[in-house]
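Per my numbering, residue 14 is the first one in the sequence shown, and the count goes up by one each step.
Just so you know, even glycine gets a beta-carbon here, dropped at the ideal spot from N, CA and C.
Just so you know, these numbers come straight off a predicted model, no measurement behind them.
This report concerns only the one structure given below.
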Amino acid sequence: MSETTENKEQLEEVNEQANEAETNGTETNEQVELSVEEQLNVKVSELEAKLQEEESRYLRLRADFDNMRRRAQLDREAAEKYRAQKLLTELLPVIDNLDRALQVEVNSDDAVSLYKGIEMVYKTLIEATKQEGLELIPAEGEVFDPNVHQAVMQEADSEKETGIVLRELQKGYKLKDRVLRPSMVSVNE
């Protein structure tokens, strides 16, 4: 009997150990499952952060691309708008010389016909440049504007206000809204 009791005790002991091992195994399995779940959650969080970062990068690149396209469009429009700038700038001395030639008094019949020819060329040239957008900058009698006038002299005229352009020494021109050459003027003190 003692052997049977001993066997029963051993059996109970083994059962207890098995139950403990099973309980420990369940806890270990739960810990392993929890650990795997935590790892997956961490991985998901990392992937979500990376996705947000990539989406943000994509949006920045798209905005940069849109800005670049807009700038290129503005550059093309400006190039078209001011395409004649170089030619018109080079023609300004020609216009000045023709204008000076028309200021000379003529006395003979031959000079009158030459004068009329120069006048026709001048008018044709002025009309062609106007069609390209060349404009004369108003000066005499205007308020001095440093954006379009260049003061080279100061004079005193008590009948006019201070800062008024008294004389235009050289005509100024602009192409649409861009100054090609400022007017050289004398300003009232």
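Unbroken alpha helix (DSSP H) run spanning residue i, endpoints
i	result
E155	No alpha helix (DSSP H) contains E155, which DSSP labels as neither H nor E.
P106	98-116
Reference residue i; option with closest CA among the options
i	options	result
P195	K99, D158, E22, L179	D158
K143	N110, E172, Q98, G176	Q98
D109	V192, V198, Y186, D190	Y186
K189	A91, E181, L64	A91
R191	K94, E29, E22	K94
L101	V125, V117, I139	I139
L104	E202, L193, N54, M197	L193
Q116	D123, V107, Y128	Y128
E168	E202, N120, Q52	E202
D112	D122, V134, V125	V134
Terminal residues of the beta strand (DSSP E) in which residue i lies
i	result
E181	178-183
Buried versus exposed call for residue i [16 or more other C-beta atoms within 10 Å across all chains shown]
i	result
V200	buried
L179	buried
E181	buried
V198	buried
A152	buried
Three-state secondary structure assigned by DSSP to residue i
i	result
A164	strand
K187	strand
S121	coil
S171	coil
E25	helix
E145	coil
### Message
So, does the stretch 141-151 touch the stretch 64-73, judging by three or more C-beta pairs under 8 angstroms?
### Response
no
### Query
Touch check for the stretch 75-89 and the stretch 170-185: three-plus C-beta pairs under 8 angstroms?
no
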